[in-house]
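Residue numbers (the working numbering), protein chains in the order written: chain R, 310 to 653; chain Y, 2 to 572. Before any comments, here is the structure.
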């Protein structure tokens, strides 16, 4: 027993040294520090291109939850230069927590249209994503559903799948519904949608498409880029092949609900110049094309051509509701999900 | 030094055992214990502080909508996991300890293996297997010609029942380990008397062994329940809405960290209640061995169908909780085209091992300090501090991470501000965002585990030996070094191994607190698994499980030698 314990102690000590030695790599001369709410494999090609162009090293921490809290606690000494995230609500959280600072850059302002950035420059959208309805090729006729509102139609009873109503993307959609229709109508819409669900909300957007493929439901809500991701994944291509993507309209408009992914400059930003270079790079033609070809998202930069695959799904009109309206109604939307007991 | 029996048997510190004059180094131990406990409960205090500063009073909304559901779901989950872990853990422990049947030697250690399987992984795997789109239902549909969900009934894996099953499968080893060690410790006399009175094995279990083992089993079930209370990965994936899910909703979706901290405090109240109930249930129970007859247990030889039934009962939890999920992961890892075997993978593994080892060392050292100080005629303040030092175990990882961030960053920023003012040098963040913050978080989280094991080990050292050492002129420190530490080696090893395995699996706190460009196996798995790309991360997932196996086997061995009779022969 003694030998085991001594061995364990020695082994531990060696492993500690190794871990500490391996963990202290973030001190290169020219670098930029990124707190990311997006998965590393999604942003890696972009960061690689940035480093190749500028020689600036990128350091990343990825965490979905708690990044803003971390920046708040770290305060003026936070090593974060930029925060990279999806969903307008999360960008808004960072602004409200006071952990970001305004940027004024001619390049950014030229690349990103005014509707895709904060008027004060506290955040910039980099990509646009549309919330689609995926409809079964076999069981739903083309043109049978054209709007989000129709999801509440009793004819779809037991035929719809979605992820949790509390997920950022669904909350944003509901916030947009509230903005277009007012609270009362939006709430009865959500109740109608809940009544049509084939199963309790669960899984992620791809999981819903998989469920259509397996015949569990006929309609699902999902972001557009998952369609591209599934088509290019050998394990998931069959799921995507089972559905047609539909760009639904919202309210009385011809527009489809869209959300954004974006970037903001940290208030502390120890490498401010490099951070702005990164922001400018991510809005440039080169990076925006990567977003479109590798991640199947819509470039926020209107001058950039879409990748052929993304283009093949057709052009669509985004809902022109200001993003700030969606961010503001997010709290009301979450509470509505609770009241309707959507996930229950 | 009954190793795993010590796992948390936390018999409670024994105050005032020694009688030598005070002022000979005891005070130093008390001060050190108070300081340690104060440091460890800082994150909890930070959460309490947050709870008093909410951005909006969220209770009216929650109480009128989802809160009752959260509470009921949480209670049903705990009840289900409590019963499940008790029945499986105690039943298999009794069979393995007392009966002889095909494979019982293998099951002795194999029953611990699910401890190496993180709850979130087993949930991913079983969802893949059992959901509507999974292979099992696919085969059923093909065989019976069903086409849609409406044609037949199949249990929904993503449900409260599913969550109870998954958590039971990975948490029952806590109960098994403690129950088995206790059954092994029981003097054969008691059981022989029971047999003489004509009781069969099951009657002996119910009337004699179970009541005697009750304290240890209660500790095991309590630990399982605490783990289940702070689980987020499994319940989130299964869309089961517990209080933990509520914490995340309020925090992230409503942007109300204060409100989330308040719910976290409600959960803490649950745990305090649980600990209180557990301690109370054995308050008047003290079992000591009055006989030293510790010859090896002969074991009841089972025959025929009974023997095979015993084999099946023991094999089921091992297969379902370990073999099946591990096999599925291995299948993905070696056959799927999208499996990621990146070279970085070994760096992640090294990070995981290093962090786990460091956390194990620190947690055991601090636990020894606290438990030993409590033995040095500690006053109420010290005893309370020692108890409070374990509350971190009950707090969901991501919330605890925020609790760690606040004091660490405050300290760093204060040092920085002071040095800027005095000598004009900026130090930036010294500890935040480093491995140190991570190790601290793990220590706070898992100190309860190591403390229980060490306390129980120390509790078994007779006070008279301690008195003898002190009479011979040894200081408390020297007594600890020369007397206690050698005697409780087994408990220390158990404590360290348990913390090691738990740290390997830890995810939410690691995500928030880690340094730049730093991945562990768990965070690497998560970035793919959270995107439902289990095939991609299967190799890393398999590595987490593999790294957990060795400590688990060591643990099994240390329980095996815990039977006093057997050990004496070995020496």
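Note that beta-carbon positions come from the ideal geometry of N, C-alpha and C, so glycine has one too.
Positions of the beta strand (DSSP E) runs, each at least 3 residues long and wholly inside the region 480 to 512 of chain Y, cannot be given because no such run exists. Only residues of its own chain outside the window of five on either side were considered, and among them 245, 246, 249, 397, 398, 399 and 509 have a CB closer than 8 Å to the CB of residue 233 of chain Y, listed in chain order. In chain order, 341, 359 and 391 place their CB closer than 7 Å to the CB of residue 587 of chain R, counting only its own chain and leaving out the 5 sequence neighbours on each side. Residues 649 and 651 of the same chain have their beta carbon placed closer than 7 Å to that of residue 503 of chain R, with the five preceding and five following residues left out of the count. Counting C-beta pairs with one atom in each stretch, the region 541 to 548 of chain R and the region 606 to 616 of chain R have fewer than three that are closer than 8 Å, which means they do not touch. Rounded to whole angstroms, residue 529 of chain Y and residue 235 of chain Y show a C-alpha spacing of 16 Å. Put simply, the region 72 to 86 of chain Y does not touch the region 512 to 527 of chain Y. Fewer than three CB pairs are less than 8 Å apart. With its beta carbon at least 8 Å from every one in chain Y, residue 633 of chain R lies outside the interface. Residue 531 of chain R sits in a strand when the DSSP states are folded into three classes.
Close to chain R, meaning a Cβ-Cβ distance shorter than 7 Å, are the following residues of the region 504 to 518 of chain Y: 512, 513, 515, 516, 517 and 518.
Shortest Cα-Cα distance from residue 471 of chain Y to any of Y/461, Y/483 and Y/460 involves Y/483. By the CB criterion at 8 Å, residue 268 of chain Y and residue 213 of chain Y fall outside the cutoff. If you draw a 10 Å sphere on the C-beta of residue 466 of chain Y, you find fewer than 16 other C-beta atoms in it, and that means exposed. Annotated as proximal: residue 243 of chain Y and residue 71 of chain Y, with beta-carbon spacing under 8 Å. By the CB criterion at 8 Å, residue 539 of chain Y and residue 337 of chain Y fall inside the cutoff. DSSP places residue 555 of chain R in the strand class (E or B) of the three-state scheme. The count of Cβ pairs closer than 8 Å, one atom from the region 526 to 537 of chain R and one from the region 460 to 472 of chain R, reaches three, so the stretches are in contact. At least one beta carbon of chain R lies nearer than 8 Å to the beta carbon of residue 254 of chain Y.
For residue 84 of chain Y, the enclosing alpha helix (DSSP H) starts and ends at 68 to 99. Residues of the region 375 to 397 of chain R whose Cβ lies closer than 8 Å to any Cβ of chain Y, in chain order: 375, 376, 378, 379, 382, 383, 384, 385, 386, 387 and 388. Between residue 95 of chain Y and the set Y/179, Y/141, Y/119 and Y/32, the nearest pair of CA atoms involves Y/179. Interface with chain R (8 Å Cβ-Cβ cutoff): residue 495 of chain Y is excluded. At a C-beta separation below 8 Å, residue 480 of chain R has these neighbours in chain Y: 254. In the DSSP assignment, residue 51 of chain Y falls within the alpha helix (DSSP H) that extends over 27 to 52. Close CB contacts of residue 549 of chain Y within its chain, under the 8 Å cut and outside five residues either way in sequence, are with 116, 117, 118, 502, 505 and 506 (chain order). The C-alpha of residue 222 of chain Y is placed about 19 Å away from the C-alpha of residue 319 of chain Y. In this structure, DSSP gives residue 401 of chain R a helical state, which the three-state scheme calls helix. Distance between residue 626 of chain R and residue 438 of chain R, taken at the CA atoms: about 12 Å. Counting along the chain, no alpha helix (DSSP H) covers residue 437 of chain R; the unbroken beta strand (DSSP E) around it starts and ends at 433 to 445. As the crow flies, the alpha-carbon of residue 493 of chain R is around 12 Å from that of residue 483 of chain R. One alpha carbon belongs to residue 527 of chain Y, the other to residue 192 of chain Y, and they sit about 48 Å apart. Rounded to whole angstroms, the separation of the alpha carbons of residue 430 of chain Y and residue 589 of chain R is 28 Å. According to the DSSP assignment, residue 330 of chain Y belongs to the alpha helix (DSSP H) that extends over 325 to 336. Using a Cβ-Cβ cut-off of 8 Å, residue 519 of chain R is close to 134 of chain Y, given in chain order. From the beta-carbon of residue 66 of chain Y, the residues of chain R found nearer than 8 Å are 644, 647, 648 and 650.
Within the region 170 to 216 of chain Y, complete alpha helix (DSSP H) segments of at least 4 residues are found at 189 to 197 and 202 to 205, given in chain order.
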